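In my numbering, the protein residues as written are 184 to 518.
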């Protein structure tokens with residue numbers, strides 16, 4: 184069995200993901216539940232978590248990597264640690280900060296290493312300039328771009344710098360961080376937070392990877408939200424951000440559930456193996472198998488908004504603890 188991680192964003196609530204990874208990276212947990220992470224997909228602060236964890240897997244140092252990552256969130260995820268305020272960008276109406284401090288943190292804690300284990304890292308970036316795609320022979324513009332990395336990208340300093348740049352772009356929340364110039368498809372474009380287009384990219388965890396049978400989706404939002412939102416002032420902006428971050432996952436979960444149902448019913452509907460194979464090929468599902476999705480979520484909304492934790496060590500500690508508790512609940516359901 185091969186596993187994928189899908190790591191959502193939400194700025195300071197990325198500490199929740201670190202808490203969940205602290206549990207998943209425990210050697211006893213890995214052994215008991217046969218956790219074998221071969222692909223990581225991240226966006227926004229999930230990209231920051233993803234690049235750290237991918238480097239640990241590549242280096243053969245996955246054991247307790249989540250605990251080390253959680254400690255980084257507690258120590259470095261502060262306003263001063265995360266933001267490099269730029270007067271030029273503020274006056275220009277671009278953003279509050281550059282990506283300099285984010286890249287500096289990555290350089291400090293992720294170094295070139297000869298690999299021991301294979302890993303794929305997929306980072307979602309919003310290409311603010313747009314790029315052309317083909318839809319059944321007709322051109323269209325998309326803003327979602329997925330940047331793929333493998334273990335080879337963690338071996339040299341030069342390659343790692345490209346990984347860091349892509350991670351910074353995926354984390355560049357508009358208003359907070361300036362767009363990150365990044366080369367995509369032979370041209371330099373402006374990269375923004377990938378959560379704007381796909382914060383929980385479940386589909387990208389499965390695309391082209393038929394060996395993956397289980398996906399751990401780590402999201403700092405409860406599955407069902409019943410509390411009426413406040414729709415004015417800063418609370419309105421925070422709720423709109425939550426909607427943007429969470430909505431795509433609901434659609435992806437529906438699609439995976441539907442595909443699983445079809446695959447389960449297919450042998451009884453199409454008895455001939457050759458006909459089933461032809462049907463799967465026509466659907467683009469060759470090699471596809473039923474996938475188990477393990478959602479790691481808090482039971483209720485985490486306190487504070489996406490930025491509150493940057494000013495509060497206590498909140499970050501709560502997020503890390505909540506992530507660990509959510510991971511243990513999800514794993515207990517598998518036992």
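By construction, the Cβ of each residue, glycine as well, lies at the ideal position given by its N, Cα and C atoms. Only a predicted model underlies this, so the values are computations on that prediction, with no experimental measurement involved.
Problem - For residue 337, the three-state DSSP class (helix, strand or coil) - result: helix
Practice task
Give a yes or no on whether the C-beta atoms belonging to residue 380 and residue 309 are separated by under 8 angstroms.
Solution key: yes
Exercise for the section: Give me the Cα-Cα distance between residue 437 and residue 386, rounded to the nearest whole angstrom. Expected result: 11 angstroms
Handout entry: Rounded Cβ spacing between residue 185 and residue 395 (contact assumed at less than 8 angstroms)
Key = 5 angstroms
Exercise for the section: Say whether the stretch 498 to 511 touches the stretch 196 to 207, bearing in mind that this needs 3 or more beta-carbon pairs closer than 8 angstroms, one atom from each stretch. Expected result: yes
Handout entry: Three or more C-beta pairs below 8 angstroms linking the stretch 336 to 351 and the stretch 407 to 424
Key = no
Practice task
Return the Cβ separation of residue 313 and residue 321 in integer angstroms, given the expectation that the two are a contact with Cβ distance under 8 angstroms.
Solution key: No, residue 313 and residue 321 are not in contact; Cβ-Cβ is about 16 angstroms, not under 8 angstroms.
Practice task
Could you tell me whether the Cβ of residue 308 comes closer than 8 angstroms to any Cβ of chain C?
Solution key: Protein chain content of the structure displayed is limited to a single chain, and chain C is not contained in it.
Exercise for the section: Would you kindly report the start and end of the unbroken beta strand (DSSP E) that includes residue 364? Expected result: 363 to 367
Problem - For residue 211, three-class secondary structure by DSSP - result: For residue 211, the secondary structure class from DSSP, reduced to helix, strand or coil, is helix.
Handout entry: Meets three-Cβ-pair contact criterion under 8 angstroms: the stretch 362 to 370 and the stretch 449 to 462
Key = no
Practice task
Return helix, strand or coil for residue 313, following the three-state DSSP convention.
Solution key: strand
Exercise for the section: Answer with buried or exposed for residue 138, where buried requires no fewer than 16 other C-beta atoms within 10 angstroms of its C-beta. Expected result: With the chain represented from 184 up to 518, any question about residue 138 goes unanswered, as that position is not in the structure.
Exercise for the section: Under 6 angstroms Cβ to Cβ from residue 483, same chain only, skipping five residues before and after it: list those, please. Expected result: 405
Exercise for the section: Note down, in chain order, each residue of its chain lying with its Cβ closer than 8 angstroms to the Cβ of residue 495, except the 5 sequence neighbours on either side. Expected result: 487
Exercise for the section: Output the boundary residues of the alpha helix (DSSP H) element that contains residue 286. Expected result: 283 to 292
Practice task
Within its chain, find whatever has a CB closer than 7 angstroms to the CB of residue 216; leave out the 5 residues flanking it on each side and keep chain order.
Solution key: 514 and 517
Problem - the ligand NAP heavy atom lying under 7 angstroms from the CB of residue 415 - result: Because no ligand of any kind appears in the structure shown, any question about the ligand NAP cannot be addressed here.
Handout entry: Cut-off 7 angstroms between Cβ atoms - residues of its own chain near residue 240, not counting five sequence neighbours on either side
Key = In chain order, 220, 300 and 302 place their CB closer than 7 angstroms to the CB of residue 240, counting only its own chain and leaving out the 5 sequence neighbours on each side.
Problem - Distance, residue 390 Cα to residue 372 Cα - result: 25 angstroms
Practice task
List in chain order: all unbroken alpha helix (DSSP H) runs of 4+ residues lying wholly within the stretch 453 to 500.
Solution key: 456 to 466
Exercise for the section: Would you mind sorting residue 499 into buried or exposed? The rule is 16 or more other CB atoms within 10 Å of its CB. Expected result: buried
Practice task
Kindly identify the DSSP beta-bridge partner or partners of residue 331.
Solution key: 305
Practice task
Would you mind stating whether residue 142 and residue 377 have Cβ atoms separated by less than 8 angstroms?
Solution key: Residue 142 falls outside the range modelled here, since the chain spans only 184 to 518, and no answer is possible.
Practice task
Taking only the alpha-carbon atoms, compute the straight-line gap between residue 306 and residue 461 and give it to the nearest angstrom.
Solution key: If I take the Cα positions, the gap works out to 32 angstroms.
Exercise for the section: Please state if the CB of residue 398 and the CB of residue 476 are separated by a distance shorter than 8 angstroms. Expected result: yes
Handout entry: beta strand (DSSP E) segment containing residue 186, residue limits
Key = 185 to 190
Handout entry: Bounding residues of the alpha helix (DSSP H) (the contiguous stretch that carries residue 258)
Key = 248 to 259
Handout entry: Selection from 262, 263, 234 and 261 that minimises the alpha carbon distance to residue 249
Key = 234
Exercise for the section: Verify whether the separation of the beta carbon atoms of residue 198 and residue 242 is less than 8 angstroms. Expected result: no
Problem - Reduced DSSP category for residue 353 - H, G, I as helix; E, B as strand; rest coil - result: helix
Problem - Beta-carbon proximity list for residue 331, same chain, < 6 angstroms, skipping 5 on both sides - result: 305
Handout entry: Rounded Cβ spacing between residue 440 and residue 489 (contact assumed at less than 8 angstroms)
Key = With a Cβ gap of about 28 angstroms, residue 440 and residue 489 do not count as contacting.
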